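Chains as they are written, first to last, in the numbering used here: chain A, 1 to 296; chain B, 297 to 592.
No residue lacks a Cβ here, since even glycine has one placed at the ideal position from N, Cα and C.
Quantities reported herein were computed from a predicted structural model and do not represent experimental measurements.
Heads up: the structure comes next, in structure tokens.
2 protein chains.
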Amino acid sequence: MSSSLRVALVQDRDRGSAHANLARIEERVAQAAAAGARLVLLQELHNGAYFCQHQDVREFERAEPIPGPSTERLAALAQAHAVVLVSSLFERRAAGLYHNTAVVFDADGRIAGRYRKMHIPDDPGFMEKFYFTPGDLGFEPIDTAVGRLGVLVCWDQWYPEAARLMALAGAEMLLYPTAIGWDPRDEHAEQRRQQEAWVLSQRGHAVANGLPVLSCNRVGDESDPTGHGPGIRFWGTSFVAGPQGELLARAGEVDDELLLADIDLARSEDVRRIWPFLRDRRIDAYGDLLRRFRSP
Amino acid sequence: MSSSLRVALVQDRDRGSAHANLARIEERVAQAAAAGARLVLLQELHNGAYFCQHQDVREFERAEPIPGPSTERLAALAQAHAVVLVSSLFERRAAGLYHNTAVVFDADGRIAGRYRKMHIPDDPGFMEKFYFTPGDLGFEPIDTAVGRLGVLVCWDQWYPEAARLMALAGAEMLLYPTAIGWDPRDEHAEQRRQQEAWVLSQRGHAVANGLPVLSCNRVGDESDPTGHGPGIRFWGTSFVAGPQGELLARAGEVDDELLLADIDLARSEDVRRIWPFLRDRRIDAYGDLLRRFRSP
Numbered sequence: 001m002s003s004s005l006r007v008a009l010v011q012d013r014d015r016g017s018a019h020a021n022l023a024r025i026e027e028r029v030a031q032a033a034a035a036g037a038r039l040v041l042l043q044e045l046h047n048g049a050y051f052c053q054h055q056d057v058r059e060f061e062r063a064e065p066i067p068g069p070s071t072e073r074l075a076a077l078a079q080a081h082a083v084v085l086v087s088s089l090f091e092r093r094a095a096g097l098y099h100n101t102a103v104v105f106d107a108d109g110r111i112a113g114r115y116r117k118m119h120i121p122d123d124p125g126f127m128e129k130f131y132f133t134p135g136d137l138g139f140e141p142i143d144t145a146v147g148r149l150g151v152l153v154c155w156d157q158w159y160p161e162a163a164r165l166m167a168l169a170g171a172e173m174l175l176y177p178t179a180i181g182w183d184p185r186d187e188h189a190e191q192r193r194q195q196e197a198w199v200l201s202q203r204g205h206a207v208a209n210g211l212p213v214l215s216c217n218r219v220g221d222e223s224d225p226t227g228h229g230p231g232i233r234f235w236g237t238s239f240v241a242g243p244q245g246e247l248l249a250r251a252g253e254v255d256d257e258l259l260l261a262d263i264d265l266a267r268s269e270d271v272r273r274i275w276p277f278l279r280d281r282r283i284d285a286y287g288d289l290l291r292r293f294r295s296p
Numbered sequence: 297m298s299s300s301l302r303v304a305l306v307q308d309r310d311r312g313s314a315h316a317n318l319a320r321i322e323e324r325v326a327q328a329a330a331a332g333a334r335l336v337l338l339q340e341l342h343n344g345a346y347f348c349q350h351q352d353v354r355e356f357e358r359a360e361p362i363p364g365p366s367t368e369r370l371a372a373l374a375q376a377h378a379v380v381l382v383s384s385l386f387e388r389r390a391a392g393l394y395h396n397t398a399v400v401f402d403a404d405g406r407i408a409g410r411y412r413k414m415h416i417p418d419d420p421g422f423m424e425k426f427y428f429t430p431g432d433l434g435f436e437p438i439d440t441a442v443g444r445l446g447v448l449v450c451w452d453q454w455y456p457e458a459a460r461l462m463a464l465a466g467a468e469m470l471l472y473p474t475a476i477g478w479d480p481r482d483e484h485a486e487q488r489r490q491q492e493a494w495v496l497s498q499r500g501h502a503v504a505n506g507l508p509v510l511s512c513n514r515v516g517d518e519s520d521p522t523g524h525g526p527g528i529r530f531w532g533t534s535f536v537a538g539p540q541g542e543l544l545a546r547a548g549e550v551d552d553e554l555l556l557a558d559i560d561l562a563r564s565e566d567v568r569r570i571w572p573f574l575r576d577r578r579i580d581a582y583g584d585l586l587r588r589f590r591s592p
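Dropping the structure here:
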């Protein structure tokens, strides 16, 4: 059995409705499968606009149960093309209880598992704490036909703890559906620092844990529905890194793109033999990682 | 009081004896102080060759107590130039008990504190587990005239846990004396991946924790004393990164170099306000970070 796995990332702009976005995803997954991809990663909240630019109770209408209409359609898509599909949905769990949830479909269309975003951001333009209850399923990888997937979502990408916990649970790669972009008012140098920091952080997780990282980001301009904010320019730049953090593929920052890459799942074993970081962790001295801060 | 701090990193090759290396360090610290540096970082085990390429009990003769002859000389140096000096010594604590220890001298020459390397590597060319007992002082920053320093050493640089614990204890920057290089037999592409991974990992710590990172590495070729191994080509590339992981200065990979950079200690506050990662850590869900592995 070959250790090479072709993966595809669907970097896209919002196409105005769940119907239009799902139709586009169906087109892209078909293209990915035709190109030999066996794993397809979608961007965060791919069914619609990134609605967290404002706080409006009407936005909860976007949420749906899991399983529900979107998972039915995505399950059929995964099955039709025999691909493992990593999606990102606004989950309605109960009245007043919603999550930002990644749903993984196995190559036979079955729901292989779900991950509820654990770290929830909240800052101007990204007011997620209003909408999403922090996940309560922990950091658990999801087993699929292409391997054990460490699926995390967006803000999680800044937390080495999340990546490490997935690796310790045997994840063979990390996958991040994400939606991150610039405040168009920021100066160019600051925008570049932010974008580069975002890439660095995730490539760093690849290095620290000796496994591939796939990150699929949204692209395009979305305005603030209130008309008061500057809107967001999503910076695309979806990428795939290998287990030494090396870039295997990287998308542009302006256009929608189907990004393909081949990852070598056997390479992690080699990399971890020359750099056996897991061997030397000082678990006797890490207790304070469970504290908020170590000073008063 | 200005928040700008000029720092200097002394990237050097082994000059054959502790006497010659310390004389060179005295020269470099004088140059750094003359250039306005108030903090000087030396490379790992700067007093001599990187002796861990082989296992030989005679190498323990290099070790010395702390305080001891080297700390006396380095204390005088720090005091003479009124700089905070971060050094790296082979500590003899007792018969059969040795550590790889960073000693920090305050600008008045006093020993401000010490850090005993917590993560100890052991792989071909870097057989440190023979020489160094893992540190027992934990991850505690050291207070100095230029701020609270999170001093770590070499192999620690691969562990996000170490960086995080220093940040949680209020460290204002991370500093790594290090000695890392290539196996000259490795192919060029592999050498580049390793070097880039090393930079990525540490820049990733800057991003995750919103603080500057200073890393000072050895340079030059050192042969295997047994004549059996390929030797090590230390890759230099010492660097200073800001709190978004942005590179502020980076040395070459072949020559000795006094690397200067200005870091803005107030910048971390701004960066952590726009990206408040510490706010959202899921300390309720990090318990398994204290386990060796989460599978059987």
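When you compare only the Cα positions, how much space is there between A304 of chain B and L335 of chain B? Cα to Cα, the separation comes out at about 6 Å.
How is the alpha helix (DSSP H) around L393 of chain B delimited, first residue to last? Counting along the chain, L393 of chain B falls outside any alpha helix (DSSP H), though it belongs to the beta strand (DSSP E) covering 393-401.
Contact check, I512 of chain B vs Q327 of chain B, beta carbons under 8 Å: Sequence check: residue 512 of chain B is Cys here, not Ile. Not closer than 8 Å, so no.
Is it buried or exposed, R412 of chain B, if we count other Cβ atoms within 10 angstroms and call 16 or more buried? Taking all protein chains in view, the Cβ of R412 of chain B is crowded by 16 or more other Cβ atoms within 10 Å, so the residue is classified as buried.
Going by other Cβ atoms of all chains shown within 10 Å of its Cβ, with 16 needed for buried, is V382 of chain B buried or exposed? Buried is the call here.
Which of the three DSSP states is assigned to E140 of chain A in this structure? The answer is coil: DSSP assigns E140 of chain A none of H, G, I, E or B.
Rounded to the nearest angstrom, how far is the Cβ of F530 of chain B from that of V515 of chain B, given a contact under 8 Å? With a beta-carbon spacing of about 5 Å, F530 of chain B and V515 of chain B fall inside the 8 Å limit used to define contacts.
Got a sec: which bits of the region 123-135 of chain A sit with their beta carbon under 8 Å from any beta carbon on chain B, in order along the chain? Within the region 123-135 of chain A, the residues whose Cβ lies closer than 8 Å to some Cβ of chain B are D123, P134, listed in chain order.
Does the beta carbon of P160 of chain A sit closer than 8 Å to a beta carbon anywhere in chain B? With 8 Å as the cut-off, P160 of chain A counts as an interface residue toward chain B.
Out of B:P430, B:P592, B:P420, B:L448, state which residue places its alpha-carbon closest to the alpha-carbon of I528 of chain B. When each option's Cα is compared against that of I528 of chain B, the closest is B:P420.
In its own chain, which residues sit with a C-beta less than 6 Å from the C-beta of G109 of chain A, not counting the 5 before and 5 after it? If we look at G109 of chain A and ignore the five residues flanking it on each side, its Cβ neighbours are A75, A78, Q79.
Neighbour-count burial assignment, S238 of chain A, 16 or more Cβ in a 10 Å radius: Under this definition S238 of chain A is a buried residue.
Anticipated Cβ contact below 8 Å, V240 of chain A with I263 of chain A, distance rounded: By a beta-carbon distance limit of 8 Å, V240 of chain A contacts I263 of chain A. Their separation comes to about 7 Å.
Closer than 9 Å at the beta carbon, the chain A residues around G446 of chain B: Those do not exist, as G446 of chain B stays about 11 Å from chain A at its closest Cβ, beyond 9 Å.
Grab me the residues of L42 of chain A's own chain with a C-beta within less than 7 Å of its C-beta, minus the 5 sequence neighbours each way, in chain order. Cβ neighbours of L42 of chain A beyond the five flanking positions: V10, I25, V86, S87, S88, P177, C216.
Rounded to whole angstroms, what's the CA-CA distance from V104 of chain A to I142 of chain A? Just pull it up for me. Rounded to the nearest whole angstrom, the CA to CA distance from V104 of chain A to I142 of chain A is 8 Å.
Just by C-beta distance, which residues in the region 575-591 of chain B are closer than 9 Å to chain A? Using a CB distance below 9 Å, the part of the region 575-591 of chain B facing chain A consists of R575, D576, R577, R578, I579, D580, A581, Y582, G583, D584, L585, L586, R587, R588, F589, R590, S591, ordered along the chain.
Which listed residue (A:M118, A:G135, A:P67) has its alpha carbon closest to that of A112 of chain A: With distances taken between Cα atoms, A112 of chain A lies closest to A:P67.
Relative to chain A, which residues along the region 526-543 of chain B have a C-beta separation below 7 Å, given in chain order? Legend: CB atoms of the region 526-543 of chain B lying less than 7 Å from CB atoms of chain A belong to residues Q540, G541, E542.
For T226 of chain A, count the other beta carbons within 10 Å of its own beta carbon; 16 or more makes it buried, fewer makes it exposed. Which is it? Of the other Cβ atoms in all chains shown, fewer than 16 fall within 10 Å of the Cβ of T226 of chain A; this residue is therefore exposed.
Local conformation of M297 of chain B per DSSP, three classes: Only weak support exists for where M297 of chain B lies, its pLDDT of 49 falling under 50; the value from the coordinates is given anyway. Residue state, collapsed to three classes: coil.
Starting from M469 of chain B, trace the beta strand (DSSP E) both ways and give me its first and last residue. Note, M469 of chain B: beta strand (DSSP E), 469-474.
Am I right that P134 of chain A and W155 of chain A are in contact with their C-beta atoms under 8 Å? What's the rounded C-beta distance? By a beta-carbon distance limit of 8 Å, P134 of chain A does not contact W155 of chain A. Their separation comes to about 10 Å.
Residues of the region 203-220 of chain A whose Cβ lies closer than 7 Å to any Cβ of chain B, in chain order: Within the region 203-220 of chain A, the qualifying residues are R203, G204, V207, A208.
Excluding the 5 residues preceding and the 5 following F130 of chain A in the sequence, name in chain order all residues of the same chain whose CB lies nearer than 7 Å to its CB. Residues of the same chain with a CB within less than 7 Å of the CB of F130 of chain A, apart from the 5 flanking positions on each side, are Q55 in chain order.
Just the chain B side, please: which residues come within less than 8 Å of E196 of chain A by C-beta, in chain order? Chain order gives the chain B residues near E196 of chain A as Q540, G541, E542, where near means a beta carbon separation below 8 Å.
Against chain A: residues of the region 456-485 of chain B by CB proximity under 7 Å: From the region 456-485 of chain B, only P456, E457, R460, L461, L464, A465, G466 have a Cβ closer than 7 Å to chain A.
Sequence-distant residues of its chain with Cβ nearer than 7 Å to L248 of chain A (five each side left out): Cβ neighbours of L248 of chain A beyond the five flanking positions: V240, A241, G242, A261, I263.
On the criterion of 16 or more Cβ atoms from any shown chain inside 10 Å, does F589 of chain B qualify as buried, or is it exposed? F589 of chain B is exposed by the Cβ-count criterion.
Hey, Y286 of chain A and E457 of chain B: beta-carbon distance below 8 Å or not? When the beta-carbon positions are compared, Y286 of chain A and E457 of chain B come within less than 8 Å of each other.
When you compare only the Cα positions, how much space is there between S3 of chain A and V146 of chain A? Distance between the alpha carbons of S3 of chain A and V146 of chain A: 10 Å.
Compare the C-alpha of A398 of chain B against each of B:M414, B:G392, B:A390 and name the closest. Looking only at B:M414, B:G392, B:A390, the smallest Cα-Cα distance to A398 of chain B is reached by B:M414.
Residues in the same chain with beta-carbon distance under 7 Å from M1 of chain A, minus the five sequence neighbours each way, listed in chain order, please. Caution is warranted here: a pLDDT of 49 is assigned to M1 of chain A, below 50, making its placement in the model unreliable, and the coordinate value is therefore given only provisionally. Correct list: empty, nothing qualifies.
Taking a contact to mean a Cβ-Cβ separation below 8 Å, would you say G150 of chain A touches A206 of chain A in this structure? No, the Cβ-Cβ distance between G150 of chain A and A206 of chain A is not below 8 Å.
Using the three-state DSSP reduction, which class does Q244 of chain A fall into: helix, strand or coil? In the three-state DSSP reduction, Q244 of chain A falls in the coil class, being neither helix nor strand.
For L556 of chain B, does the three-state DSSP call read helix, strand or coil? Three-state result, L556 of chain B: strand.
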